[in-house]
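Q:
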Amino acid sequence: MKKIAVYTSGGDAPGMNSCIRAIVRGAAYHGVEVYGIVRGYNGMINGDIIPLNSQSVSNIIQRGGTILKSARSKEFLTTEGRKKAYNQLQAKGIEGLVAIGGNGTFTGAEIFYNEFKIPCVGAPGTIDNDLYGTDYTIGYDTAVNTALDAIDKIRDTADSHDRVFFIEVMGRDSGYIAIQCAIAGGAEAVMIPENLTPVSEVMETLQKGFSKAKSSSIVIVAEGDEEGNAQKVAQKIKDQMKIELDIRVTTLGHIQRGGVPTAADRILASRLGLGALEGLLRGEKNVMAGVVNNQLVYTPFHDTITKKKPVSEDLIRMVEILST
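Sequential numbering from 1 applies to the sequence shown in full-length UniProt numbering.
(1) In whole angstroms, what separates the C-alpha of valine 169 from that of glycine 93?
(2) Determine the extent of the alpha helix (DSSP H) in which asparagine 206 is found, giving its start and end residues.
(3) Taking 7 Å as the cut-off, decide whether the C-beta atoms of residue 333 and methionine 191 are in contact.
(4) Is DSSP giving alanine 150 helix, strand or coil here?
(5) Below 8 Å on the Cβ atoms is my guess for isoleucine 50 versus glycine 36; work out the distance and round it to an integer in Å.
(6) Secondary structure at isoleucine 192, three-state DSSP: helix, strand or coil?
(7) Count the other CB atoms, across all protein chains shown, that sit within 10 Å of the CB of aspartate 12; report buried if there are 16 or more and exposed otherwise.
(8) I'd like to know whether the C-beta atoms of methionine 1 and threonine 8 end up nearer to each other than 7 Å.
(9) What three-state label does DSSP hand glycine 54 in the structure shown?
(10) Could you have a look at alanine 99 and say whether DSSP puts it in helix, strand or coil?
(11) With DSSP run on the structure shown, which of helix, strand or coil describes glutamine 295?
(12) Hey, phenylalanine 76 and glycine 108: beta-carbon distance below 7 Å or not?
(13) Between which two residues does the beta strand (DSSP E) containing serine 3 stretch?
(14) Going by alpha carbons, who is nearest to serine 160 out of Ser174, Pro193, Lys214, Ile179?
(15) Pull up the distance between the alpha-carbon of lysine 309 and that of glycine 133, whole angstroms please.
(16) Count Cβ pairs between the segment 297-308 and the segment 142-152 that sit closer than 8 Å; are there 3 or more?
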């Protein structure tokens, strides 16, 4: 394999640039020509493919976002769109791909391989940490620390004004960010998609706290919780609580996606980027590079896409015990 291409797709995550850098410099080390596909599958279809070298990725390891940009592509969902993408890669002589992204990115890569046989190895880039086959995903550590910084500041205000804050963090299908923020931020309760936590249970926790003279409380809500987002949960509790509470809601939103990646994310991204590249050069295909128990492993895209990565019951239990 003499020519490969790398692209980022789906939601951006801090550390993606570190991953791109590792792939490009690893390719240079192995004497492989490397291209960057700009704006993911859209760029693949439109031929927005640029040559990269070691100088191209100089001074990007500390930058958030992705220098290759990212985009969702409706056209790639069609056979015609994927055929256009294949023709563009053929015109450049590209023999293999490294995809940095999440579930949707790898779903597209698997379909593309099944149709056109261009091998692809993935690197897990998503702040949600919801991909089976790796203990941590690129961007997760930074997102947790970004959210935690905001939660610490909100805690000061909550305590000063005797308020209850409902803080919504990202996690449409995953509670990993929420559970870590709840433990590290000393939250009184957490609500995540993986664990049914009825509003009545949160109310009971809050009432217990105030009966012990707690002056403020923090409740972390993952955006995909079954009871609704933080705004809806807060309203339900406000309507049902027998005691009057000064309730506020903060949605942290997309600030969790941006920012300078932590050391942990830079190192993980570099390891996964190089692991994905070298796996591709060794003949791996239709797999995601991941780190499990500090070992580099390769998991089939099919498993990564279809298998659920559960939140540890121990972490859920910790929130309950430590909030008392």
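For each residue, glycine too, the CB sits at the ideal point set by N, CA and C.
A: If we stick to the structure as given:
(1) 43 Å
(2) Checking the sequence, you will find leucine at residue 206 rather than asparagine. Element bounds for leucine 206: 199-211.
(3) With the chain covering 1 to 324 only, the question about residue 333 has no answer from this structure.
(4) Here DSSP, grouped into helix, strand and coil, assigns alanine 150 to helix.
(5) 5 Å
(6) strand
(7) Flag for aspartate 12 reads buried.
(8) no
(9) Note that residue 54 is serine in the sequence shown here, rather than glycine. Residue state, collapsed to three classes: helix.
(10) Strand at alanine 99.
(11) strand
(12) yes
(13) It should be pointed out that residue 3 corresponds to lysine in this sequence rather than to serine. Counting along the chain, the beta strand (DSSP E) containing lysine 3 begins and ends at 3-8.
(14) Lys214
(15) 8 Å
(16) no
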